[in-house]
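For reference, the structure discussed in these notes is given below.
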Amino acid sequence: MKILKTFEKGFQTTNKRLKMVVYLWLINFIFSVLIVTPVYFLIKKDLPRSLISDQILKGTELLWLGDIIYKYQDLLPALVGWFLVPAIFFMLLYIFLYGGIIGRIAAQDEKINLTSFLSDCSKYFFPFLRVFLISLVAYLVVFGGIHSLISALFNLWKKSASTEWPLILSSILEFLVLVLLFSIVRMFFDYVRVRLVVEKSKKAIRATLINLTFIGKRFFRAWFLYLLVGLITAVFGVIYLAVYQPLPKIGVLLIVGFIWQQMYVVSRMWTKILFYSTEYHFFNLHKE
Amino acid sequence: MKKKKPYLKFLFFMLTLSFIGPAALLGEKRISNVRYEIWVELDDQNQMLHGKENITWLNNTRDDVQDMWFHLYYNAFKNEQSTTIQESKEEWFGAFGIKIKEGRWGCVDVTSIKLADGTDLKPTMEFITQDKPVHPGDQTVMRVLFPEPVKPGEEAHLQLEFESKIPRSIHRSSYYQNSYFIAQWFPKPGVYEEGKGWNCHEYHLNSEFYADFAEFTVHITVPEDFVVGASGKQIKAVPDMEKKTVTYTFYQDNIHDFAWTADPDFIKVERDFIADEEVSLEEYEEVARMLQLPVEEVKLPDVKMILLIEPEHKSQIDRHFKALRMAIKYYGLWYGPYPYETVTMVDPPFRTRSGGMEYPTLFTAGTGILRSKKVLSPEGVIIHEFGHGYWYGLCANNEFEEAWLDEGINTYSEGKVTAIAYGPGAMPISFQRIPLSWFCKLPEYYNYELERATAIHVVELDPITTISWKFYNRGSYGLNVYARASTCLYTLEGLVGEEMMLRILRTFQMRFRYKHPQTQDFIDVVNEVTGKDLSWFFEELFFSTLNFDYGISSVASKEKKKYVRGVFDVDGRREEITSKSIKKMEKEDKKSDDKKFYVTEVKVRRFGEARVRGDTTMKLKVVFEDGSEEVIDWRGQERWKKFTFEKPAKAEYAQIDPDNIWLVDSNLTNNSLKRKPSRKGIFKVTTQLLFLIQNYLQCAASIT
């Protein structure tokens, strides 16, 4: 019951911090627009004056898709680079933003404005960068070690398979294990960040080590709470698809579809804050 | 070798005359010039085949034949010196090639080879490697010398014994646990070509097979609990209680290969294709009209359909049969009736890597446990592999040298049958083996769209007619002989019309049934049936690497000026027209009801090297804002040409090839050009991409 109460508190906190959702969405949107712009100009050069552009409105058709792929095949390595490098910058940007997100969640009574948000962002950037670097080691251990071990076990099962069933089940289970392992690592370092903010500390290694005991003592409760918010994220995904898929992509509905897509992106930002809000309240509840 | 005695020849002649009548003797050769009787026993403990083989080979050429060449395909998996494995290593540095783990090699040993009179030919036995580049360690072609030549019309009778180690989970023919798919397993003579000698290539990575039509009687002995399927018709099953085995005998004439499968888990289901229930009289009449044949000639026979399916795919039995029924129906109606009594469809045993392969009267399909009905799999593979019964099975081209003749024509045919039977299918995208089309609507497409989208990438690599193992790489082989050849055939269909195309393929099929046609035979049929010389079409698109790309480079409309400035001689005196006077005159004109006229200039270009020839032209359509159209034909020889139109409206757009005949065109985007751009399509693509990037960035951020 305490977990549900914590969840409720986190939910309320998140809804009081909607301004941050707008910040995050704007940052994501602008960053994405910057990436898409060159691609837009590339296709704008050829497509708008071709009748093919009318066919695009009717849906995905391999005739025009094939044309685009064929036309820009030489640009593929450059495009991959173009998508990869900004992603790395975006990751760094998020390390920066986490300070603002958690800092403003922790400043319960204060109003949110851009100055206070950015001030928290800069205050925690370097400690959070260290947390990120430590988390990379953890990812390496979990995915390089534990997951490889689990994979090897699944491979043994697959090797002796007489039908496709073990292959199907093992690939689903393996994926599930991967997701759960990821959620554990992710949750663990969320709490490290929350601890740093609550304790107004910059000692990332110390916070990580203390967090081992903290999470160790109440692992299942913390994980349950984390998965609960994860479930909400998944539900939003399902709702998005259920509405977007049957929506005709023509005329004004094209714009409606675009707005719906942006609402889904906003929902992702909202759940991101919900993760931290619930974790913050859980941490405060069990603080030693 | 046993020579026929003259009186026996006479007796045989009289007997034949009395049974089949003189007509057959006047112009027709016997279809099968080889007769096999094979006894093979499956050793399930050691994954071995123990075989005896009697071969009767008739020399139906005018040559004296000194030797005989055999395919020993299993030796492709004997060691890393085989041509197949060597070629596989050359392909992407072996990354995607055949990798055989230790203890999984396969091979065939001919332990004895004699003539029927007891003459031992084994001392003359040698392995031949003649294909370039040479792989000297290859042992997939064997030659023996006859003590004296086989004269024209004579038969050679050979008796062989062989032992084969079945390879594990490798390529087409293999075993996994106690499931077997056995193909290319027995020593098989090549094809003797008059004046040229034996056509008997090594087993190449990128090629399939070639053999003479033959009569097969095969006795297969397997442990009693095995379910067996094979080429031809099962005529006997004799159990041996003591050995706990069963010997199945299969017989089929007029086929050129024999494959079989054995698996204790197979579920065997038999159903009948009853022509009268499958095809209505209206359908017969329609097809007869299109083919310009009497209805009686397009009528189909009944066929026994046999399915051997793995228990985990049991729920897909109806799906398999429906696809097969559709294939028998449409291949039969369009290209000619299926001439055999049975067709066996095998759901390939797990991990035998034998799926999607054709053998006469038997083929392997391929499915998975989780399949969406929107994705046409296994349907596509069933239709394709059954179709090979026509293109390869009956029109038995040399797949080593001209693979497009069966793969290309059959890919085209498969697309036509799939389209009429099912419509478009959803993209086969899965996540963790779960079909995504269960959860969301995936784009749907017709086969020809995918084929064209992939084919355009390999146009400049190799001609379609390249010898199988001489393509730039496996991708070029696959895309050229399947996708590009099919795309070119769709283009040919666009050019000559759908009904004419049906008549071409029907004529080709029926004329070359039980024969070995070549590319030139196909071209001859095209020219004959259409009554046009379309050889250029093949020169440009099949024998060359020329890119086909016509397009519009500019379209512009401007008002036609009635008045121009300058000094003019009018009625013997000089008069100057100035801008001011023009304006005045135009003002006057506006008062009258004179229509404005516009001059539209359209420039068309031949971007690619390939060009249309003969009396074929490229059609140019210009649509104007008042809804009117102008359609003109361009010979298409020049690199570019300007067309001018004078109309009371501005152009809306210009389009070359408005009927989409030239599917082979590598850039359909430039086939049309609007005078004014429209951004709706771009908005859609860009917003979709934006949304993808937004989510991609969020995922990247999740790692931090």
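Protein sequences, first through last, are from chains A and B.
Counting with our numbering, you get residues 342 to 629 for the letters of the first sequence.
Counting with our numbering, you get residues -1 to 702 for the letters of the second sequence.
Glycine is no exception: its CB is placed at the ideal position from the N, C-alpha and C atoms.
Computed from a predicted model, the values in this text were never measured in an experiment.
Checklist entry - What are the residues that DSSP puts in a beta bridge with Cys105 of chain B? => result B:Lys163
Checklist entry - Straight-line CA distance for Lys327 of chain B to Gly549 of chain B? => result 40 Å
Item to check | Per-residue contacts from Asn369 of chain A into chain B (C-beta, under 8 Å) | outcome: Gln692, Leu695, Gln696
Next on the checklist: Do Val106 of chain B and Tyr72 of chain B have their beta-carbon atoms positioned less than 8 Å apart in this structure?
Outcome noted: yes
Item to check | Cβ separation of Val344 of chain B and Gly227 of chain B, assumed to be a contact under 8 Å, to the nearest whole Å | outcome: 6 Å
Item to check | Simplified DSSP assignment, three categories, for Tyr249 of chain B | outcome: strand
Checklist entry - Residues of chain A with CB under 8 Å from Val38 of chain B, in chain order? => result What Val38 of chain B touches in chain A: nothing, since even the nearest Cβ is about 25 Å away.
Checklist entry - Looking only at its own chain, which residues have a Cβ that is under 7 Å from the Cβ of Ser664 of chain B, when we skip the five neighbours before and after it? => result Ile454, Val457, Asn545, Phe546, Asp547, Gly606
Item to check | Residues of its chain near Ala548 of chain A, where Cβ-Cβ distance is below 7 Å and the 5 sequence neighbours each way are ignored | outcome: Val533, Arg536, Leu537, Ser542
Next on the checklist: Would Thr127 of chain B and Glu206 of chain B be called neighbours here (beta carbons separated by less than 8 Å)?
Outcome noted: no
Checklist entry - Across which residues does DSSP place Asn52 of chain B in a beta bridge pair? => result B:Glu35, B:Gln157
Checklist entry - Do the stretch 275 to 286 of chain B and the stretch 412 to 425 of chain B make contact, defined as three or more Cβ pairs closer than 8 Å? => result no
Next on the checklist: On the CB-based measure, 16 or more other CB atoms within 10 Å of its CB, does Ser16 of chain B come out buried or exposed?
Outcome noted: Residue placement at Ser16 of chain B cannot be trusted, given a pLDDT of 39 that sits under 50; what the coordinates show is reported in the next sentence. Exposed: under 16 other Cβ atoms inside 10 Å.
Checklist entry - On the three-state DSSP scale, how would you describe Ser722 of chain B? => result This structure cannot speak to residue 722 of chain B, because chain B is shown only from -1 to 702.
Checklist entry - Does DSSP classify Pro20 of chain B as helix, strand or coil? => result Caution applies to Pro20 of chain B, whose pLDDT of 36 falls short of 50 and renders its modelled position unreliable; the model cannot decide the point.
Item to check | Neighbourhood of Leu615 of chain A by C-beta, 8 Å cutoff - its chain only, sequence neighbours within 5 removed | outcome: Gly351, Phe352, Thr355, Val570, Ile573
Next on the checklist: Which residues in chain B have a C-beta closer than 9 Å to the C-beta of Ala302 of chain A? List them in chain order.
Outcome noted: The question about residue 302 of chain A has no answer here: the residues shown for chain A are numbered 342 through 629.
Item to check | Leu568 of chain A (DSSP reduced to helix, strand or coil) | outcome: helix
Next on the checklist: Assuming contact is defined by CB atoms lying nearer than 8 Å, are Lys558 of chain B and Glu644 of chain B in contact in what I supplied?
Outcome noted: yes
Checklist entry - Sorted by chain position, which residues of the same chain lie with C-beta nearer than 6 Å to Ser110 of chain B's C-beta, five sequence neighbours on each side aside? => result Glu159
Checklist entry - At a Cβ threshold of 8 Å, is Thr355 of chain A touching chain B? => result no
Checklist entry - Is the Cβ-Cβ distance between Ser391 of chain A and Asn668 of chain B less than 8 Å? => result yes
Checklist entry - Rounded to the nearest angstrom, how far is the Cβ of Arg369 of chain B from that of Glu192 of chain B, given a contact under 8 Å? => result Not quite, the Cβ-Cβ distance comes to about 49 Å (not below 8 Å), so this is no contact.
Checklist entry - DSSP state of Leu537 of chain A, grouped into three classes? => result helix
Item to check | Cβ of Pro593 of chain A within 8 Å of any chain B Cβ | outcome: The amino acid occupying residue 593 of chain A in the given sequence is Val; Pro does not appear at that position. With 8 Å as the cut-off, Val593 of chain A does not count as an interface residue toward chain B.
Checklist entry - Based on the DSSP output, what are the partners of Trp258 of chain B in its beta bridges? => result B:Ile180, B:Ala228
Checklist entry - Quick one: is Met604 of chain A near chain B, going by C-beta distance under 8 Å? => result no
Item to check | Residue from A:Phe523, A:Val380, A:Leu490 with nearest C-alpha to Ala479 of chain A | outcome: A:Phe523
Checklist entry - Three-state secondary structure (DSSP) at Val441 of chain A? => result According to the sequence shown, residue 441 of chain A is Gly rather than Val. Note: Gly441 of chain A maps to helix in three-state DSSP.
Next on the checklist: Would you say Gly571 of chain A lies against chain B (beta-carbon separation less than 8 Å)?
Outcome noted: no
Checklist entry - When we look at the beta-carbon of Asn369 of chain A and count the other beta-carbons within 10 Å, is it buried (16 or more) or exposed? => result buried
Checklist entry - For Ile180 of chain B, which option in B:Trp258, B:His202, B:Asn204 has the closest C-alpha, if you only look at C-alpha atoms? => result B:Trp258
Next on the checklist: Is the beta carbon of Ile491 of chain A closer than 8 Å to that of Phe424 of chain A?
Outcome noted: no
Checklist entry - Going by DSSP, what residues sit across from Leu618 of chain B in a beta bridge? => result B:Ile630, B:Ile654
Checklist entry - DSSP state of Gly564 of chain B, grouped into three classes? => result strand
Item to check | Inter-residue Cα distance where the pair is Thr489 of chain B and Gly406 of chain B | outcome: 13 Å
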